[in-house]
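S.K.:
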Amino acid sequence: MTFMGMQWVERHQYTNHPAQIVATIGFGVAVAAIMTGREFRLSLPATCATATGVLIMSVSGLMMGAGHNMPWPAHWWFYALHSILPLLAIRRRGGTATATFGCVVVVVAAARAAGATVDAPTLLNILNVFPTIFAGALVPLLIRRATSQFPIATEDALKHDEAELREGTHTGYLRRNCEWVKAMIEFALPDDLPMPERTRNARLLEMRLRDSIRSPFLDVPDLTREVWNARKRGVKVTLLDDLTPARAFHR
0 MTFMGMQWVE
10 RHQYTNHPAQ
20 IVATIGFGVA
30 VAAIMTGREF
40 RLSLPATCAT
50 ATGVLIMSVS
60 GLMMGAGHNM
70 PWPAHWWFYA
80 LHSILPLLAI
90 RRRGGTATAT
100 FGCVVVVVAA
110 ARAAGATVDA
120 PTLLNILNVF
130 PTIFAGALVP
140 LLIRRATSQF
150 PIATEDALKH
160 DEAELREGTH
170 TGYLRRNCEW
180 VKAMIEFALP
190 DDLPMPERTR
200 NARLLEMRLR
210 DSIRSPFLDV
220 PDLTREVWNA
230 RKRGVKVTLL
240 DDLTPARAFH
250 R
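Take 0 as the starting number for the sequence shown in numbering that gives the first Met the number 0 and just add one per residue.
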């Protein structure tokens with residue numbers, strides 16, 4: 000767009016040349032078409048519009064016939080190819096970009112073979128556009144190769160997070176149980192308790208721990224206190240939960 004703007008700003012006989020106007024229109028069509036759509040692959044209508052705009056721009060630029068006698072920047076349409084065709088290849092239309100470029104080369108070669116004076120660089124300089132098209136065609140392949148590892152990396156990250164969460168839950172569960180058992184031992188087996196009392200409380204504590212495992216739904220403070228006192232008086236108490244699958248989540 001910079002070259003095109005400078006071409007229009009230059010005050011010379013080619014500013015209002017019909018070919019210059021047509022080439023500018025072709026350039027605008029190509030740029031507008033190649034920037035449309037949100038998909039990475041350019042749509043077929045936009046691809047056709049881009050290729051058509053490039054051909055109109057190139058042929059019209061050649062028809063100005065100024066050659067190197069034209070005030071700078073000469074043959075701006077050629078420099079525009081360095082931007083439009085690689086972008087076309089980047090949008091996964093590398094074949095169309097190459098075919099369009101081939102048509103431009105054929106037109107320039109045919110015009111020069113016919114002895115016409117054209118506004119174009121040498122064929123060798125024109126061929127320098129092809130490496131940029133090839134590089135643009137590699138961009139989608141590199142992006143696809145790079146992004147193909149995203150699902151694997153995401154899955155590995157999820158597995159890592161799950162493992163950390165599982166480990167944290169397990170560690171927290173063990174810590175809370177250890178703290179609870181420690182509190183029970185400190186309550187039932189203090190250091191200053193006589194040995195007969197310690198022996199009796201050790202048996203009561205064992206039954207208390209069994210109740211918490213076998214009958215978790217009945218592990219409530221009021222009932223636990225009454226069961227402890229009853230056993231302490233010599234009463235045999237057995238707690239049973241209904242832990243069948245149908246009622247596993249109901250008290």
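Even glycine gets a Cβ: it sits at the ideal position worked out from N, Cα and C. Quick caveat: nothing in here was measured; it's all calculated off a predicted structure.
So, using beta-carbon positions, are residue 33 and residue 83 closer together than 8 Å?
M.R.: Using a Cβ distance threshold of 8 Å, residue 33 and residue 83 count as a contacting pair.
S.K.: Which residue from 156, 212 and 123 puts its Cα closest to that of residue 176?
M.R.: Per the Cα distances, 212.
S.K.: Relative to the C-alpha of residue 231, which candidate in 24, 148, 181 and 196 has its C-alpha closest?
M.R.: The residue with the shortest Cα to Cα distance from residue 231 is 196.
S.K.: Would you kindly work out how many angstroms separate the C-alpha atoms of residue 239 and residue 216, rounded to a whole number?
M.R.: 9 Å
S.K.: Among 47, 56 and 219, which residue has its Cα nearest to the Cα of residue 26?
M.R.: Checked all of 47, 56 and 219; the closest Cα to residue 26 is 56.
S.K.: Around the Cβ of residue 189, are there at least 16 other Cβ atoms within 10 angstroms (buried) or fewer (exposed)?
M.R.: exposed
S.K.: So residue 61 and residue 117 are in contact, right, with Cβ under 8 Å, and what is the actual spacing, rounded?
M.R.: 4 Å
S.K.: Can you tell me which of the three DSSP states residue 41 falls into?
M.R.: It is coil, neither helix nor strand.
S.K.: Could you say which of 128, 88 and 29 lies nearest to residue 77 if we only look at CA atoms?
M.R.: Residue 128 is the option with its Cα nearest to residue 77.
S.K.: For the putative contact between residue 119 and residue 74, defined by C-beta atoms under 8 Å, what is the C-beta separation to the nearest angstrom?
M.R.: 5 Å
S.K.: Give every residue of the same chain whose Cβ lies closer than 7 Å to the Cβ of residue 136, excluding the five residues on either side of it in the sequence, and list them in chain order.
M.R.: 88 and 93
S.K.: Compute the beta-carbon to beta-carbon distance between residue 105 and residue 58, rounded to the nearest angstrom, for a pair I have assumed lies under 8 Å.
M.R.: Actually they do not touch by this definition, with Cβ atoms about 11 Å apart.
S.K.: Leaving out five residues before and five after residue 29 in sequence, what residues of the same chain have Cβ atoms less than 7 Å from its Cβ?
M.R.: 49, 52, 53, 56 and 83
S.K.: Would you decide whether residue 132 is buried or exposed? Buried here means 16 or more other CB atoms lie within 10 Å of its CB.
M.R.: buried
S.K.: According to the Cβ coordinates, are residue 179 and residue 203 closer than 8 Å?
M.R.: no
S.K.: What is the C-beta distance between residue 139 and residue 174, in whole angstroms, given that I count them as a contact (C-beta under 8 Å)?
M.R.: Not quite, the Cβ-Cβ distance comes to about 52 Å (not below 8 Å), so this is no contact.
S.K.: Residues in the same chain with beta-carbon distance under 8 Å from residue 45, minus the five sequence neighbours each way, listed in chain order, please.
M.R.: The residues are 32, 33, 35 and 36.
S.K.: For a quick check, are the C-beta atoms of residue 113 and residue 122 less than 8 Å apart?
M.R.: no
S.K.: Measuring straight from C-alpha to C-alpha, what distance separates residue 101 and residue 151?
M.R.: 41 Å
S.K.: Quick one: using the 10 Å Cβ neighbour count with 16 as the cut-off for buried, is residue 96 buried or exposed?
M.R.: buried
S.K.: Over what stretch of residues does the alpha helix (DSSP H) that includes residue 235 continue unbroken?
M.R.: Premise fails: residue 235 is in no alpha helix (DSSP H) and is neither H nor E.
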